[in-house]
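*Asks:* Going by this note's numbering, the first residue of the sequence shown is number 487, and it counts up by one from there.
Ideal Cβ positions, reconstructed from N, Cα and C, are used throughout, including at glycine.
This one's a predicted model, so the numbers in the text were calculated from it and none came from an experiment.
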Amino acid sequence: MTKENPDEYLSIKDFRREKILIKSSKFIATAFPISTEGEAKLFLEKIKREFYDATHNPFAYVLSKEETKKFSDDREPSGTAGSKILNAIESQRLKDVLVVVTRYFGGTKLGTGGLSRAYHESALKVLKSCTSIKKETSRILFLLFPKEYFDQVQMVLKKDGSKVKKLDFGERVKMEISFPESVYSKLKEKLKNITRGEIEFETGKN
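Structure, rendered in C-alpha coordinates:
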(Lines of atoms letter the chains of each structure in order from A; the text may use other names.)
(Lines give C-alpha, C1' and ligand atoms only; values in the text may rest on other atoms or scores of the structure.)
Protein backbone atom coordinates (compact mmCIF):
# COMPACT_ATOMS: atom_id res chain seq x y z
CA MET A 487 0.00 0.00 0.00
CA THR A 488 1.51 3.32 -1.07
CA LYS A 489 1.57 6.21 1.36
CA GLU A 490 -0.52 9.22 0.27
CA ASN A 491 1.32 12.48 -0.28
CA PRO A 492 -0.39 15.07 1.99
CA ASP A 493 0.64 17.85 -0.41
CA GLU A 494 -1.09 16.29 -3.45
CA TYR A 495 -4.64 17.00 -4.55
CA LEU A 496 -6.77 16.62 -7.69
CA SER A 497 -7.78 19.43 -10.02
CA ILE A 498 -8.94 19.67 -13.64
CA LYS A 499 -6.74 20.19 -16.67
CA ASP A 500 -8.86 22.57 -18.75
CA PHE A 501 -12.22 24.19 -19.53
CA ARG A 502 -15.24 21.92 -20.12
CA ARG A 503 -18.95 22.47 -20.82
CA GLU A 504 -21.96 20.13 -20.71
CA LYS A 505 -25.73 20.66 -21.15
CA ILE A 506 -28.84 18.92 -19.87
CA LEU A 507 -32.55 19.58 -20.49
CA ILE A 508 -35.11 19.01 -17.72
CA LYS A 509 -38.79 19.82 -18.32
CA SER A 510 -37.85 22.40 -20.97
CA SER A 511 -35.36 24.16 -18.64
CA LYS A 512 -31.87 24.21 -20.09
CA PHE A 513 -28.90 23.81 -17.72
CA ILE A 514 -25.45 24.66 -19.10
CA ALA A 515 -22.61 23.66 -16.78
CA THR A 516 -19.15 25.16 -17.32
CA ALA A 517 -16.03 24.11 -15.40
CA PHE A 518 -12.85 26.17 -15.19
CA PRO A 519 -9.46 25.42 -13.59
CA ILE A 520 -8.55 28.34 -11.33
CA SER A 521 -5.81 29.18 -8.84
CA THR A 522 -7.07 32.42 -7.22
CA GLU A 523 -10.32 34.15 -6.27
CA GLY A 524 -9.42 36.84 -8.80
CA GLU A 525 -9.47 34.26 -11.59
CA ALA A 526 -12.81 32.95 -10.35
CA LYS A 527 -14.31 36.46 -10.53
CA LEU A 528 -12.98 37.00 -14.06
CA PHE A 529 -14.51 33.74 -15.31
CA LEU A 530 -17.81 34.55 -13.58
CA GLU A 531 -17.94 37.90 -15.37
CA LYS A 532 -17.17 36.12 -18.65
CA ILE A 533 -20.08 33.72 -18.15
CA LYS A 534 -22.45 36.57 -17.27
CA ARG A 535 -21.50 38.37 -20.47
CA GLU A 536 -21.79 35.20 -22.57
CA PHE A 537 -25.16 34.22 -21.09
CA TYR A 538 -26.47 37.73 -20.42
CA ASP A 539 -30.07 36.64 -21.07
CA ALA A 540 -30.00 33.59 -18.77
CA THR A 541 -32.43 33.27 -15.88
CA HIS A 542 -29.74 32.32 -13.33
CA ASN A 543 -25.96 31.71 -13.11
CA PRO A 544 -25.33 29.93 -9.78
CA PHE A 545 -21.75 28.86 -9.07
CA ALA A 546 -19.35 27.27 -6.63
CA TYR A 547 -15.58 27.08 -6.38
CA VAL A 548 -12.96 25.43 -4.21
CA LEU A 549 -9.37 26.66 -3.90
CA SER A 550 -6.47 24.72 -2.39
CA LYS A 551 -5.11 27.94 -0.92
CA GLU A 552 -6.41 28.19 2.64
CA GLU A 553 -9.11 25.65 1.68
CA THR A 554 -11.31 28.48 0.32
CA LYS A 555 -14.88 27.52 -0.64
CA LYS A 556 -17.57 29.85 -2.01
CA PHE A 557 -20.94 29.45 -3.71
CA SER A 558 -23.99 31.45 -4.79
CA ASP A 559 -27.60 30.52 -5.59
CA ASP A 560 -27.90 33.61 -7.85
CA ARG A 561 -31.53 34.24 -6.91
CA GLU A 562 -32.62 30.60 -7.01
CA PRO A 563 -34.38 29.37 -3.81
CA SER A 564 -31.86 29.15 -0.98
CA GLY A 565 -29.99 25.85 -0.86
CA THR A 566 -31.10 24.60 -4.28
CA ALA A 567 -28.19 25.67 -6.48
CA GLY A 568 -24.78 26.88 -5.25
CA SER A 569 -24.43 24.40 -2.40
CA LYS A 570 -25.44 21.53 -4.72
CA ILE A 571 -22.74 22.56 -7.20
CA LEU A 572 -20.25 22.68 -4.32
CA ASN A 573 -21.35 19.20 -3.22
CA ALA A 574 -20.62 17.92 -6.74
CA ILE A 575 -17.11 19.42 -6.69
CA GLU A 576 -16.37 17.95 -3.26
CA SER A 577 -17.77 14.53 -4.22
CA GLN A 578 -15.07 14.38 -6.92
CA ARG A 579 -12.42 15.50 -4.38
CA LEU A 580 -11.39 18.42 -6.59
CA LYS A 581 -9.75 21.74 -5.74
CA ASP A 582 -8.79 24.83 -7.76
CA VAL A 583 -12.07 24.43 -9.66
CA LEU A 584 -14.94 26.79 -10.52
CA VAL A 585 -18.27 25.45 -11.82
CA VAL A 586 -21.02 27.74 -13.10
CA VAL A 587 -24.40 26.27 -14.03
CA THR A 588 -26.38 28.59 -16.28
CA ARG A 589 -30.15 28.07 -16.34
CA TYR A 590 -32.69 29.08 -18.97
CA PHE A 591 -36.20 28.67 -17.54
CA GLY A 592 -38.41 26.56 -19.80
CA GLY A 593 -41.81 27.52 -18.39
CA THR A 594 -42.33 24.58 -16.01
CA LYS A 595 -41.43 24.96 -12.33
CA LEU A 596 -39.21 22.15 -11.04
CA GLY A 597 -39.75 22.66 -7.32
CA THR A 598 -36.92 22.87 -4.80
CA GLY A 599 -36.16 19.15 -5.00
CA GLY A 600 -36.11 19.18 -8.77
CA LEU A 601 -33.89 22.24 -8.87
CA SER A 602 -31.45 20.73 -6.37
CA ARG A 603 -31.15 17.53 -8.40
CA ALA A 604 -30.78 19.43 -11.68
CA TYR A 605 -27.95 21.65 -10.42
CA HIS A 606 -26.12 18.76 -8.79
CA GLU A 607 -26.53 16.55 -11.87
CA SER A 608 -25.36 19.33 -14.21
CA ALA A 609 -22.26 20.07 -12.16
CA LEU A 610 -21.45 16.39 -11.80
CA LYS A 611 -21.82 15.80 -15.53
CA VAL A 612 -19.34 18.52 -16.50
CA LEU A 613 -16.83 17.51 -13.81
CA LYS A 614 -16.90 13.88 -14.93
CA SER A 615 -16.13 15.03 -18.48
CA CYS A 616 -12.99 16.85 -17.27
CA THR A 617 -9.48 15.42 -17.36
CA SER A 618 -8.25 15.33 -13.77
CA ILE A 619 -4.66 16.14 -12.87
CA LYS A 620 -2.57 15.88 -9.71
CA LYS A 621 -1.28 19.11 -8.22
CA GLU A 622 0.80 19.80 -5.17
CA THR A 623 0.32 22.33 -2.41
CA SER A 624 3.50 24.36 -2.25
CA ARG A 625 4.91 27.20 -0.20
CA ILE A 626 7.02 30.13 -1.36
CA LEU A 627 10.02 31.16 0.71
CA PHE A 628 12.25 34.19 0.18
CA LEU A 629 15.82 33.71 1.38
CA LEU A 630 18.56 36.23 2.12
CA PHE A 631 21.98 34.91 3.14
CA PRO A 632 25.78 35.47 2.74
CA LYS A 633 27.28 34.34 -0.58
CA GLU A 634 29.72 31.93 1.01
CA TYR A 635 26.84 29.58 1.91
CA PHE A 636 25.44 29.41 -1.62
CA ASP A 637 26.71 25.91 -2.49
CA GLN A 638 25.57 24.43 0.82
CA VAL A 639 22.13 26.03 0.49
CA GLN A 640 21.79 24.66 -3.05
CA MET A 641 22.55 21.14 -1.81
CA VAL A 642 19.89 21.36 0.94
CA LEU A 643 17.29 22.67 -1.51
CA LYS A 644 18.00 19.91 -4.03
CA LYS A 645 17.59 17.17 -1.41
CA ASP A 646 14.21 18.53 -0.26
CA GLY A 647 12.75 18.91 -3.75
CA SER A 648 12.76 22.71 -3.71
CA LYS A 649 12.75 24.76 -6.90
CA VAL A 650 14.60 28.05 -7.30
CA LYS A 651 12.20 30.54 -8.91
CA LYS A 652 14.34 33.69 -8.70
CA LEU A 653 17.99 34.30 -7.87
CA ASP A 654 19.90 37.54 -7.37
CA PHE A 655 23.56 37.94 -6.39
CA GLY A 656 24.30 41.21 -4.63
CA GLU A 657 26.18 41.77 -1.40
CA ARG A 658 24.06 38.85 -0.18
CA VAL A 659 22.22 36.16 -2.10
CA LYS A 660 18.49 36.79 -2.60
CA MET A 661 16.54 33.70 -3.56
CA GLU A 662 12.89 32.83 -4.07
CA ILE A 663 12.12 29.13 -3.73
CA SER A 664 9.06 26.89 -4.04
CA PHE A 665 8.79 23.61 -2.14
CA PRO A 666 6.26 21.04 -0.82
CA GLU A 667 4.26 22.29 2.16
CA SER A 668 5.12 19.22 4.22
CA VAL A 669 8.89 19.94 4.36
CA TYR A 670 8.53 23.57 5.52
CA SER A 671 9.65 23.23 9.17
CA LYS A 672 12.50 20.82 8.48
CA LEU A 673 13.75 22.87 5.53
CA LYS A 674 13.94 26.07 7.56
CA GLU A 675 15.84 24.28 10.31
CA LYS A 676 18.34 22.78 7.85
CA LEU A 677 18.94 26.18 6.23
CA LYS A 678 19.48 27.83 9.61
CA ASN A 679 22.02 25.17 10.55
CA ILE A 680 23.91 25.23 7.25
CA THR A 681 24.23 29.04 7.36
CA ARG A 682 24.94 29.18 11.11
CA GLY A 683 21.83 31.30 11.57
CA GLU A 684 22.96 33.91 9.04
CA ILE A 685 19.81 33.61 6.92
CA GLU A 686 16.57 35.58 6.77
CA PHE A 687 13.18 34.20 5.72
CA GLU A 688 10.01 35.70 4.36
CA THR A 689 7.17 33.32 3.60
CA GLY A 690 4.36 33.12 1.08
CA LYS A 691 2.09 30.43 -0.37
CA ASN A 692 1.18 29.30 -3.89
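In the DSSP assignment, find the beta strand (DSSP E) that holds Ser-558 and state where it starts and stops.
*Replies:* For Ser-558, the uninterrupted beta strand (DSSP E) run begins and ends at 555 to 558, by DSSP.
*Asks:* Short of 8 Å in beta carbon distance, which residues of its chain neighbour Gly-600, apart from the five on each side in sequence? Order them along the chain.
*Replies:* Ile-508, Lys-509
*Asks:* Beta-carbon separation of Arg-502 and Ser-618 under 8 Å?
*Replies:* no
*Asks:* For Thr-488, is the classification buried or exposed, using 16 other Cβ atoms within 10 angstroms of its Cβ as the cut-off for buried?
*Replies:* Below a pLDDT of 50, predicted positions are generally treated as unreliable, and Thr-488, at 41, falls in that range; no measurement from the model is reported.
*Asks:* So the candidates are Pro-544, Lys-645, Phe-631, Arg-682; which of them puts its Cα closest to the Cα of Ser-564?
*Replies:* Looking only at Pro-544, Lys-645, Phe-631, Arg-682, the smallest Cα-Cα distance to Ser-564 is reached by Pro-544.
*Asks:* Among Ser-550, Lys-570, Leu-530, which has the Cα closest to the Cα of Ser-624?
*Replies:* Ser-550
*Asks:* Alpha carbon to alpha carbon, how far is Glu-667 from Ala-604? Give it in angstroms, no decimals.
*Replies:* 38 Å
*Asks:* If you compare alpha carbons, which of Glu-523, Glu-634, Val-583 is closest to Leu-610?
*Replies:* Taking only the C-alpha atoms, the option nearest Leu-610 is Val-583.
*Asks:* Give me, in chain order, the residues of the same chain whose beta-carbon lies closer than 6 Å to that of Leu-630; leave out the 5 immediate sequence neighbours on both sides.
*Replies:* Arg-658, Lys-660, Glu-686
*Asks:* Using the C-alpha atoms, what's the distance from Val-612 back to Asp-500?
*Replies:* 11 Å
*Asks:* Bridge partners for Phe-667 per DSSP, in chain order?
*Replies:* Sequence inspection shows Glu at residue 667; the Phe mentioned does not correspond to that position. None; Glu-667 has no bridge partner.
*Asks:* Taking Ser-608 as part of the alpha helix (DSSP H), name the residues at either end of that continuous run.
*Replies:* 597 to 615
*Asks:* Is it buried or exposed for Gly-683, if we count other Cβ within 10 angstroms and need 16 for buried?
*Replies:* Gly-683 is classed as exposed because its beta carbon has fewer than 16 other beta carbons within 10 Å across all chains shown.
*Asks:* So what does DSSP say about Asp-654, is it helix, strand or coil?
*Replies:* strand
*Asks:* When the Cα atoms are used, what is the spatial distance from Tyr-693 to Ser-602?
*Replies:* Residue 693 cannot be examined here, being either before or after the span of the chain that is shown, 487 to 692.
*Asks:* Find the nearest neighbour of Pro-632 within the set Ser-648, Ile-498, Phe-655, Ser-664, judged by alpha-carbon distance.
*Replies:* Phe-655
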